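Undergrad: To start, I am sharing the structure in question, which I have written as structure tokens.
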Amino acid sequence: MWKKIKQNTTAMIGKIKSSNTEEDPKFTEAYSRFNELKTRSKEFIDHAQGIVLQLSKLSQTFDEAYKCISIAVDTIPESEPQEFNQAFNNLSEPIKLCEEVVIVKINDTVLAPVKQLQNQLVELENLKKEHDKMRILLEQNKEKLAKLQQKNKQPAEIQRYQEKVEDKTKKVAEMQQKFIESIDDYWGNREALLQKPMSDMNDIFVEFSTSIQKASVTLQLIVGQELMEKVFVCEQPPAKK
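Each residue of the sequence shown is one higher than the last, beginning at 3 in my numbering.
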């Protein structure tokens, strides 16, 4: 039974595509813009969430680096471990604030509005699906009405299907109009919806990078540029058997 329903639905969709009832060009354009907004918002969210994931690991990475470098500093005669520890602690403060402040800023200022847009696009996608279903029903009713009119033997049934066609024609038009108007609004504001979060993300990183740079000056002076650029490898504990 379900196979038969699927076949009938597929056939009806084919009839719609080949029918004389052309899709409203504005609706076609709106759907194209919808897909672009959907793609761009998803790409942005995936990118931002990837950054948040990396930032959430920053404090742990910093602690591991501290253990490695502190061992090396202890082997340098002219180094002052106390000064080094103080400088490293100064640097650790903005890094640990990263999870508390920077990630919260990204989630609230950058991700939240784009996720809201994404949710609104999901609602419009559901509207588009309802529109497509209604259009299939409309074409089915038109086909049935045409057959009844051709036989011209059931005036009451003809009247009933005329009303069905009129009702569904109106609903399809209303859905199209709502979809078009909503997408036009989002498309017209796409700079604020997508470009501004990108700009906000950049501002957050500039602020964070500046704080890290300022905090690292003392550490660089104590440790020296050569040691700062050196790669240290800590011995990993043996794996548990």
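Even for Gly, the Cβ is constructed at its ideal location relative to N, Cα and C.
These numbers were taken from a predicted model, which means no experiment stands behind them.
Would you kindly report the start and end of the unbroken alpha helix (DSSP H) that includes VAL1?
TA: Since the first residue of the chain shown is 3 and the last is 243, residue 1 is not available in this structure.
Undergrad: VAL112 lies in the alpha helix (DSSP H); which residues open and close that run?
TA: Stepping through the sequence shown from its first residue, residue 112 is reached at position 110. Neither: VAL112 is in no alpha helix (DSSP H) and is coded neither H nor E.
Undergrad: What's the C-alpha gap between TYR68 and SER213?
TA: The count along the sequence shown starts at 1 and reaches residue 68 at position 66. The count along the sequence shown starts at 1 and reaches residue 213 at position 211. Between TYR68 and SER213, the C-alpha separation is close to 18 Å.
Undergrad: Please determine if the segment 142-152 and the segment 183-199 are in contact, where contact requires at least 3 C-beta pairs separated by less than 8 Å.
TA: They do not touch, by the three-pair rule.
Undergrad: Between LEU93, GLN88 and GLU127, which lies nearest to ARG35 when the distance is taken from Cα to Cα?
TA: As a working mapping, residue 35 is identified with position 33 in the sequence shown. The option with the nearest alpha carbon to ARG35 is GLU127.
Undergrad: For the ligand NAP, any of its heavy atoms closer than 7 Å to the Cβ of LYS28?
TA: Although the ligand NAP was asked about, the structure shown includes no ligands whatsoever.
Undergrad: Report the three-state DSSP secondary structure of GLN156 (helix, strand or coil).
TA: In the sequence shown, residue 156 corresponds to position 154, counting from 1. Here GLN156 sits in coil by DSSP.
Undergrad: Would you be able to state if there are at least three C-beta pairs under 8 Å between the segment 113-120 and the segment 46-65?
TA: Enough Cβ pairs lie closer than 8 Å, so yes.
Undergrad: Quick one: is VAL174 buried, meaning 16 or more other Cβ sit within 10 Å of its Cβ, or exposed?
TA: Start at 1 with the first residue of the sequence shown, and residue 174 comes out as number 172. Buried.
Undergrad: Could you check where the alpha helix (DSSP H) with LEU39 kicks off and where it finishes?
TA: The residue labelled residue 39 in the question sits at position 37 within the sequence shown. From DSSP, the alpha helix (DSSP H) with LEU39 extends over 27-58.
Undergrad: Which residue wins for smallest C-alpha separation from THR41, given the options LYS131, ILE138 and ARG192?
TA: Position 39 of the sequence shown, counted from the first residue, corresponds to residue 41. Nearest C-alpha to THR41: ARG192.
Undergrad: Excluding the 5 residues flanking SER58 on each side, which residues of the same chain have their C-beta closer than 7 Å to its C-beta?
TA: As a position in the sequence shown, residue 58 is number 56, starting the count at 1. Correct list, in chain order: GLU101 and ILE105.
Undergrad: Once DSSP output is grouped into helix, strand and coil, what is the label at ASN128?
TA: Here residue 128 corresponds to residue number 126 of the sequence shown, with the count starting at 1. ASN128: helix per DSSP, three-state reduction.
Undergrad: So, helix, strand or coil for ASN91, using DSSP?
TA: In the sequence shown, residue 91 corresponds to position 89, counting from 1. In the structure shown, ASN91 sits in a helix (DSSP, three-state: H, G or I).
Undergrad: Spatial neighbours of SER94 within its chain, please: C-beta separation below 7 Å, excluding the five flanking residues on both sides.
TA: To locate residue 94, count along the sequence shown from 1; it is residue 92. So the qualifying residues of the chain are PHE64.
Undergrad: Are MET177 and MET136 close, meaning C-beta to C-beta below 8 Å?
TA: Here residue 177 refers to the residue found at position 175 of the sequence shown. Here residue 136 refers to the residue found at position 134 of the sequence shown. Yes, these two residues count as a Cβ contact at 8 Å.
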